[in-house]
Each structure stands twice: as C-alpha cells, then as structure tokens.
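Everything on this sheet refers to the single structure shown next.
Numbering (my numbering), first residue to last: 4 to 278.
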C-alpha cells in the first residue's frame with residue numbers, strides 16, 4: 004500500500020505479543036488505518052524512535068491478506084512533535100483529541116478537513132505559543148462542526164429568541180434539543196448552565212477560522228466553562244467517558260487551583276471549592 008505522499012499521525016499504539024505493536028494511524032487521504040509493526044519493540048534499525056504517539060510520518064504498508072491487518076514495512080518520520088510527550092498538560096490534550104478521533108473515525112474513510120484540523124492543533128500544542136486550553140476549545144468545536152454535531156449556541160431551542168434577547172443570568176443548554184434556552188422556555192432533557200459571556204465566546208468561535216480563533220483573548224471563566232461544556236457535550240454525543248480525559252482533568256487541577264470537574268458521562272461542570 005503506497006502511502007509515500009500521504010502523511011499520517013500516530014493516534015494509538017498497543018503492545019502485541021512479545022515484540023509487535025498495533026498502531027492506529029490517521030492518514031490524510033485514507034482516514035483511520037490500523038496496522039501492525041512486527042518486531043517494532045526489538046528492531047532498532049527499522050523503527051527506533053519513529054513510532055511514538057502523536058508523531059507525523061510517512062508509512063509504507065504491505066497489502067494485508069484476507070482479514071489481516073496491514074503490515075508496516077518502513078516509515079519516514081516527518082515531525083516527531085516530541086513536546087507532546089514531555090509535558091503532562093500537552094500530552095493530556097493530545098491523548099484526549101486522539102481518543103475522540105479513534106472512536107469516531109471509520110476505518111479507511113477519508114476525512115481530509117478533520118485531518119488538517121488535528122494536525123494544526125497538534126503542531127500548535129507542540130509549539131507552545133498558544134494556550135492548550137484555547138486549542139482544545141478550537142479543536143473540539145471544529146470536530147463537532149465537521150462531524151455535524153455542532154451545539155446550537157445562537158438562538159433558543161424553544162422559541163427561537165436570539166442569544167442577545169435571552170434573560171440576564173446564566174444560560175442553560177438543553178441536551179435534548181441540542182440548543183441553548185431562554186429564561187422562559189422549559190427544557191426537554193437535562194441542562195448545562197453557562198455564563199452569557201461563555202456562550203457568546205463559543206458561538207463566536209464556531210463561525211471563525213482557526214487562525215482568527217487562535218488570536219482571540221479568552222477570559223479564565225470562558226476557558227474553564229467552555230471546556231467543561233464541550234467535554235460534557237462530546238461525551239454525551241459519542242456515548243462514553245474518555246479515559247484520557249480523566250488523566251487530563253487530574254493534571255489540569257494543578258494548573259487551575261481551586262477548581263475541580265465533576266466526572267461522569269455527559270456530566271462535566273466546574274465546582275468552585277469553598278463557595
């Protein structure tokens with residue numbers, strides 16, 4: 004399988020047997036690919052240091068027999084993105100994004116726009132200029148848009164009132180409708196409260212390209228509430244809790260003293276301790 008001109012990102016690697024690795028790759032033109040790297044943990048000449056998580060590479064795969072995984076024959080490392088494996092916060096975010104994509108992507112179904120978004124976010128995370136929190140807001144909103152799962156943040160899901168016309172105070176997001184609610188409309192499912200500023204920030208991000216989004220200044224509350232909501236929303240739609248998110252939350256508590264996050268499927272809200 005000639006992939007010489009098709010870069011791929013290592014999203015997952017699992018030890019198999021004594022020496023092999025099973026890899027999940029996200030290819031720009033082929034989508035998600037599962038492959039086996041035989042003797043990868045033993046051979047220093049063929050694969051040493053080139054199959055690390057989140058690396059961007061050019062793989063050369065052999066055609067599989069019926070029902071078998073493609074075999075990774077050779078690989079050319081393009082961008083190691085080593086900072087994603089040496090910093091706990093960066094590693095946590097990269098692992099969380101990868102776990103979302105591993106679950107959602109179909110085998111051998113191309114998603115070039117989603118690949119471009121993921122690659123850009125990983126590069127930004129590696130570079131260290133952008134806030135990892137902001138990149139995660141952009142990455143999750145971009146994923147939801149491309150997956151056709153965007154939350155409705157501009158008008159009330161009950162009466163159609165615009166965001167600016169909703170009653171002052173915290174705004175509720177109705178999971179059943181997939182939209183925000185004004186102060187008078189009743190929800191049909193559980194709700195997630197957010198400050199109006201957070202909702203406006205997320206709504207603004209939905210309509211912007213990644214370059215413009217990365218230039219925006221975000222308040223601490225908007226970052227925290229936005230992440231809490233999006234992590235909850237993604238879990239709700241994909242129907243699972245993410246193991247990588249539990250790790251991310253544990254290291255993020257060290258960055259945000261005084262804040263914790265309630266865990267559980269579809270339930271992710273910030274708690275101010277001592278209030």
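Every residue, glycine too, gets a C-beta built ideally from N, C-alpha and C.
Might you give, ordered along the chain, the residues of its own chain that have their beta carbon closer than 6 Å to the beta carbon of residue i, omitting 5 neighbours on each side?
i: residue 15; result: 27, 105
i: residue 124; result: 138, 142
i: residue 32; result: 9, 113
i: residue 129; result: 84, 86, 87
i: residue 24; result: 16, 40, 43
i: residue 82; result: 59
i: residue 49; result: none
i: residue 62; result: 6, 11, 75, 78
i: residue 116; result: 149
When DSSP labels each residue in this structure, what does residue i get in the three-state scheme?
i: residue 250; result: helix
i: residue 89; result: coil
i: residue 26; result: strand
i: residue 201; result: helix
i: residue 67; result: coil
i: residue 271; result: Because residue 271 sits at a pLDDT of 41, beneath the cut-off of 50, its placement in the model cannot be relied upon, and the following sentence gives the value as read from the coordinates. Of the three classes helix, strand and coil, the one that applies to residue 271 here is coil, per DSSP.
i: residue 122; result: helix
i: residue 114; result: coil
i: residue 80; result: strand
i: residue 37; result: strand
i: residue 256; result: helix
i: residue 13; result: strand
i: residue 56; result: coil
i: residue 135; result: helix
i: residue 75; result: strand
i: residue 18; result: strand
Identify, in the order they occur along the chain, each residue of the same chain with its Cβ nearer than 7 Å to the Cβ of residue i, setting aside the five sequence neighbours on each side.
i: residue 164; result: 158, 185
i: residue 258; result: 92
i: residue 53; result: 60, 78, 80
i: residue 192; result: 177, 178, 179
i: residue 277; result: Residue placement at residue 277 cannot be trusted, given a pLDDT of 30 that sits under 50; what the coordinates show is reported in the next sentence. Closer than 7 Å at the Cβ level, and outside the excluded window around residue 277, lies no residue.
Under the assumption that residue i contacts residue j (Cβ atoms under 8 Å), give the Cβ distance between them as a whole number of angstroms.
i: residue 156; j: residue 205; result: 5 Å
i: residue 111; j: residue 72; result: Contact doesn't hold; Cβ gap of about 12 Å is too wide.
i: residue 228; j: residue 197; result: 5 Å
i: residue 93; j: residue 135; result: 6 Å
i: residue 161; j: residue 188; result: 3 Å
i: residue 108; j: residue 29; result: 7 Å
i: residue 232; j: residue 178; result: That pair is no contact at about 11 Å.
i: residue 199; j: residue 174; result: 6 Å
i: residue 45; j: residue 19; result: In fact, because the Cβ distance is near 12 Å, the residues do not count as touching under 8 Å.
i: residue 103; j: residue 237; result: 6 Å
i: residue 183; j: residue 214; result: Rounded, the Cβ-Cβ distance is 27 Å, inconsistent with contact.
i: residue 36; j: residue 122; result: At roughly 15 Å, the Cβ-Cβ gap does not stay under 8 Å, so residue 36 and residue 122 are not in contact.
Beta-carbon within less than 8 Å of residue i's beta-carbon, same chain only, minus the 5 sequence neighbours each way: which residues are those?
i: residue 208; result: 140, 141, 144, 216, 219
i: residue 133; result: 127, 217
i: residue 268; result: Residue placement at residue 268 is flagged as unreliable, the pLDDT there being 45, under the threshold of 50; a coordinate-derived value is accordingly withheld.
i: residue 254; result: 91, 92, 95
Taking 8 Å as the CB-CB limit, is residue i close to chain C?
i: residue 148; result: Given the protein chain composition of this structure (a single chain), no chain C is represented.
TODO: Spell out a yes or no on whether the region 61-75 and the region 134-154 are touching, meaning 3 or more CB-CB pairs, one atom from each, closer than 8 Å.
DONE: No, the region 61-75 does not touch the region 134-154.
TODO: Taking 8 Å as the threshold, find out whether the region 207-225 comes into contact with the region 44-62 through three or more Cβ pairs.
DONE: Inter-segment contact for the region 207-225 and the region 44-62 is absent: fewer than three beta-carbon pairs are separated by less than 8 Å.
- [ ] Would you check if there are 3 or more beta carbon pairs closer than 8 Å linking the region 75-93 to the region 237-247?
- [x] At 8 Å Cβ cutoff, the stretches do not touch.
- [ ] Pair every Cβ in the region 87-104 with every Cβ in the region 246-259, then say whether three or more of these pairs are closer than 8 Å.
- [x] Contact holds: three or more Cβ-Cβ distances are below 8 Å.
Open item on the list: Extract the residue ranges of the beta strand (DSSP E) inside the region 138-214, only unbroken runs of 3 or more that lie entirely within it.
Closed with: Those beta strand (DSSP E) runs which fall completely within the region 138-214 and span 3+ residues are 155-159, 174-177, 182-184, 194-197.
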